[in-house]
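A short worksheet on the structure shown next.
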């Protein structure tokens, strides 16, 4: 008989009551979340409207909406958003691929792992944004430098977390494969990689955030287009509405990307 | 029972090296195992029983001596040997069916015939309807059976069981030992079980090999002859001689509460 076969059981009264309590609790959480957001926006709007705060410095929800609208009307919104998103996706993908690839190399050769260990530790604690100017000199004032920044910020963390995931795979599983006569490539392919998918996915989740940091910092430095450019420009010309509007778009885009990773996780980790 | 020697262990010794020095794990082990025999190896912890099993499996090379299976020198893992690890070690991300095919996949032997054999075993041992389930959906006993089928699918001559039941709770353990023994007998396989559980060793085996403390040497070999009505591990526990064997082996193991 399969375990956890609860679905076929008849639901008792007490169980029903339990389910209802749970449901109510969920509603209360969601309601509070909505109230918090709406309340914050309303308070902000009112405070600015009543001049408790200076909307020129603090901005105001209605002005943000107007800004978004005019950006949209001017046809700029889509350009800026898509540039930033494209850079982030590229940096994120490259960071994950390179990071995983290097982690595989470290797993393959214990010697290499030991040799590189101190360098990885130093690189991990180094604030990668400090290398921004170097990237610009090497790769020019453009998208390439920005993507390189995003890659740089995420790649070391990926290497370290994926490699530690590899090392944590149950030794007995590897022994089992060896008794079947598996070679190193087969061990990698049949157990190390599939067993590490949850680790790789949690690295992806961290990388989403880190790639945004890399891209926005890159855009701050290069300043041609994109949301980071809008933020810096808005700050320089004292258009805080523009800054806030860009930050809000950034929030939305980052959340969507994170959700995409979650959906990816659900598709690939069915067995959990 | 075919009296033919299937496994010949000849003067096997094993030494490990560490910065602190040399550890002699096994010394001068010689043992023959006949076809169809069920042999258990018991010994105090750290006596090198798992090392011996790993040498049999071809995972490590002995420092001295040699192992022959069907008169062939063991120099690496071969498909003559099937290994049952501690825990079932089913891969959580594979369905039962794909777990069962794992060994065949590694050995590149997945074809119509081997698949048919594996499918037949799933049917015989009551797992066919769960072949698309994931291991987490199965009970401990079913998982152990699936693991055994995975090992049998490569059609080995000899099965090595490394504390294979130690992760199970006591009741399940007794039942699984019964099932596994039955399957091994009906598939007509030879088996070597490493365990620290004396009762388990006696109840399952034709012979029990007692190893000494490190460096492990063979202290004694017991031919287990029990008078019982039902010749299953559970039934054999009822035999009158059972306790006598138990006490003798227990004394030989010389387990003191060492501090």
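Protein chains in written order, with the numbering used here: chain A, 7 to 278; chain B, 19 to 277. The beta carbon of each residue, even a glycine, is placed where N, CA and C say it ideally should be. Given the structure is predicted, the values throughout are model-derived calculations rather than measurements.
* To do: Ignore the nearest five residues each way along the sequence and tell me which others in residue 244 (chain A)'s own chain have a CB closer than 8 Å to its CB.
  => Taking the first chain and counting its residues from 1, one reaches residue 244 (chain A) at position 238. Taken in chain order, the residues that qualify are 62.
* Taking the CB atoms as reference points, tell me whether residue 193 (chain B) and residue 159 (chain B) lie closer together than 8 Å. => In the second chain, the residue the question calls residue 193 (chain B) occupies position 175. In the second chain, the residue the question calls residue 159 (chain B) occupies position 141. Cβ distance < 8 Å, so residue 193 (chain B) and residue 159 (chain B) count as in contact.
* Asked: Using 8 Å as the limit for Cβ to Cβ distance, is residue 168 (chain A) near chain B?
  -> For the purposes of this step, residue 168 (chain A) is taken as the residue at position 162 of the first chain. No - not a single Cβ of chain B is within 8 Å of the one on residue 168 (chain A).
* What does residue 220 (chain A) reach in chain B if we use C-beta pairs closer than 8 Å? -> What you label residue 220 (chain A) is simply residue 214 of the first chain in a count that begins at 1. In chain order: nothing, as chain B lies at least about 31 Å away.
* Asked: Taking the alpha helix (DSSP H) that residue 214 (chain B) falls in, what are its first and last residues?
  -> Looking up residue 214 (chain B) in the second chain gives position 196. From DSSP, residue 214 (chain B) is part of no alpha helix (DSSP H); its letter is neither H nor E.
* **DSSP three-state assignment for residue 76 (chain A), whether helix, strand or coil** => Your numbering for residue 76 (chain A) matches position 70 in the first chain. It is helical.
* To do: Identify the contact partners of residue 103 (chain B) in chain A, using a Cβ-Cβ distance below 7 Å as the criterion.
  => If you number the second chain from 1, residue 103 (chain B) lands on position 85. In chain order: 178, 181, 182.
* **residue 157 (chain A) in three-state terms, based on DSSP** => What you label residue 157 (chain A) is simply residue 151 of the first chain in a count that begins at 1. Residue 157 (chain A) falls in the helix class under three-state DSSP.
* **Nearest-angstrom beta carbon gap, residue 267 (chain A) and residue 207 (chain A) [assumed within contact, 8 Å]** => Counting from 1 along the first chain, the entry for residue 207 (chain A) is found at position 201. Counting from 1 along the first chain, the entry for residue 267 (chain A) is found at position 261. Right, the Cβ-Cβ distance comes to about 7 Å (below 8 Å), so this counts as a contact.
* Excluding the five sequence neighbours on either side, which residues of its own chain have a C-beta within less than 6 Å of the C-beta of residue 55 (chain B), listed in chain order? -> Working through the second chain from its first residue, we reach residue 55 (chain B) at position 37. Result list for residue 55 (chain B): 208, 224, in chain order.
* **DSSP bridge partner residues for residue 197 (chain A) (one or two, in chain order)** => One-based indexing of the first chain puts residue 197 (chain A) at position 191. Note: residue 197 (chain A) sits in no beta bridge, so no partner.
* **Cβ-Cβ separation, residue 247 (chain A) to residue 65 (chain A) (assumed contact under 8 Å), whole Å** => Your numbering for residue 65 (chain A) matches position 59 in the first chain. Your numbering for residue 247 (chain A) matches position 241 in the first chain. About 5 Å; that satisfies the 8 Å criterion.
* Which term fits residue 184 (chain A), buried or exposed, when burial requires 16 or more other beta carbons within 10 angstroms of its beta carbon? -> Translated into positions along the first chain, residue 184 (chain A) becomes position 178. It is buried - the Cβ of residue 184 (chain A) has at least 16 other Cβ atoms within 10 Å.
* **Continuous alpha helix (DSSP H) stretch holding residue 197 (chain B): start and end** => If you number the second chain from 1, residue 197 (chain B) lands on position 179. Run containing residue 197 (chain B): 188-204, per the alpha helix (DSSP H) assignment.
* Mind checking whether residue 210 (chain B) and residue 178 (chain B) have CB atoms under 8 Å apart? -> On the second chain, residue 210 (chain B) is found 192 positions in, with the first residue counted as 1. On the second chain, residue 178 (chain B) is found 160 positions in, with the first residue counted as 1. Closer than 8 Å, so yes.
* Asked: In this structure, does DSSP put residue 241 (chain B) in helix, strand or coil?
  -> Here residue 241 (chain B) corresponds to residue number 223 of the second chain, with the count starting at 1. In this structure, residue 241 (chain B) counts as strand in the three-state DSSP scheme.
* If you run the structure through DSSP and keep just helix, strand and coil, what is residue 35 (chain B)? -> One-based indexing of the second chain puts residue 35 (chain B) at position 17. Three-state DSSP puts residue 35 (chain B) in a strand.
* **Collapsed DSSP secondary structure at residue 175 (chain A) in the structure displayed** => The residue labelled residue 175 (chain A) in the question sits at position 169 within the first chain. In this structure, residue 175 (chain A) counts as coil in the three-state DSSP scheme.
* Asked: Taking the continuous beta strand (DSSP E) assigned at residue 78 (chain B), which residues delimit it?
  -> Indexing the second chain from 1 puts residue 78 (chain B) at position 60. No beta strand (DSSP E) contains residue 78 (chain B), which DSSP labels as neither H nor E.
* **Contained alpha helix (DSSP H) runs [length at least 4] in the region 157-186 of chain B, N- to C-terminal order** => 158-170
* Nearest CA to the CA of residue 127 (chain B): which residue from A:44, A:133, A:103, A:187? -> Here residue 127 (chain B) refers to the residue found at position 109 when the second chain is read from its first residue. Of the listed residues, the one whose Cα sits closest to residue 127 (chain B) is A:187.
* Can we count residue 92 (chain B) as close to the ligand FMN, meaning its CB is less than 7 Å from some heavy atom? -> Among the components modelled here there is no ligand, and therefore nothing to report on the ligand FMN.
* **Outcome for residue 90 (chain A) when other beta-carbon atoms lying within 10 angstroms are tallied against a minimum of 16** => Along the first chain, one-based indexing puts residue 90 (chain A) at 84. Buried, because 16 or more other Cβ atoms sit within 10 Å of the Cβ of residue 90 (chain A).
* Asked: For residue 250 (chain A), which residues from the same chain have a beta carbon less than 7 Å from its beta carbon, with the 5 sequence-adjacent residues on both sides left out?
  -> If you number the first chain from 1, residue 250 (chain A) lands on position 244. Here the set comprises 65, 70.
* Taking Cβ-Cβ distances below 8 Å as the criterion, which residues of the region 184-213 of chain A are in contact with chain B? -> 184, 185, 186, 187, 188, 192, 196, 197, 200, 201, 203
* To do: List the endpoints of the continuous beta strand (DSSP E) containing residue 121 (chain B).
  => On the second chain, residue 121 (chain B) is found 103 positions in, with the first residue counted as 1. Counting along the chain, residue 121 (chain B) falls outside any beta strand (DSSP E), though it belongs to the alpha helix (DSSP H) covering 120-124.
* Asked: How many angstroms separate the CA atom of residue 262 (chain B) from the CA atom of residue 169 (chain B)?
  -> To locate residue 262 (chain B), count along the second chain from 1; it is residue 244. To locate residue 169 (chain B), count along the second chain from 1; it is residue 151. Residue 262 (chain B) and residue 169 (chain B): Cα-Cα distance of roughly 34 Å.
* To do: Classify residue 108 (chain B) as helix, strand or coil using the three-state DSSP reduction.
  => Within the second chain, numbered from 1, the residue matching residue 108 (chain B) stands at position 90. Note: residue 108 (chain B) maps to coil in three-state DSSP.
* Does any CB atom of chain A fall closer than 8 Å to the CB of residue 121 (chain B)? -> Translated into the one-based positions of the second chain, residue 121 (chain B) becomes position 103. Interface residue, yes.
* Asked: What number of angstroms, rounded off, separates the C-alpha of residue 22 (chain B) from the C-alpha of residue 105 (chain B)?
  -> On the second chain, position 4 is the one that residue 22 (chain B) refers to. On the second chain, position 87 is the one that residue 105 (chain B) refers to. Going by the C-alpha atoms only, they are around 32 Å apart.
* To do: Output the distance between the C-alpha atoms of residue 165 (chain A) and residue 257 (chain A), rounded to the nearest integer angstrom.
  => If you number the first chain from 1, residue 165 (chain A) lands on position 159. If you number the first chain from 1, residue 257 (chain A) lands on position 251. Cα-Cα distance, rounded: 27 Å.
* **Burial state of residue 254 (chain B) (16 or more Cβ within 10 Å)** => Counted from its first residue, the second chain places residue 254 (chain B) at position 236. Label assigned to residue 254 (chain B): buried.
* Asked: Hey, is residue 4 (chain B)'s beta-carbon within less than 8 Å of any beta-carbon in chain A?
  -> Because chain B here runs from 19 to 277, residue 4 (chain B) falls outside it and cannot be looked at.
* Could you check which residue in A:175, A:37, A:105, A:93 has the C-alpha nearest to that of residue 202 (chain A)? => Counted from its first residue, the first chain places residue 202 (chain A) at position 196. Of the candidates A:175, A:37, A:105, A:93, the one whose C-alpha sits nearest the C-alpha of residue 202 (chain A) is A:175.
* Given that residue 114 (chain B) touches chain A, what residues does it touch there, using C-beta distances under 8 Å? -> Counting from one through the second chain, the residue named residue 114 (chain B) turns up at place 96. Residues of chain A passing the Cβ test: none, with the nearest at roughly 11 Å.
* Going by the beta-carbon positions, is the gap between residue 93 (chain A) and residue 142 (chain A) smaller than 8 Å? -> Taking the first residue of the first chain as position 1, residue 93 (chain A) is located at position 87. Taking the first residue of the first chain as position 1, residue 142 (chain A) is located at position 136. Not closer than 8 Å, so no.
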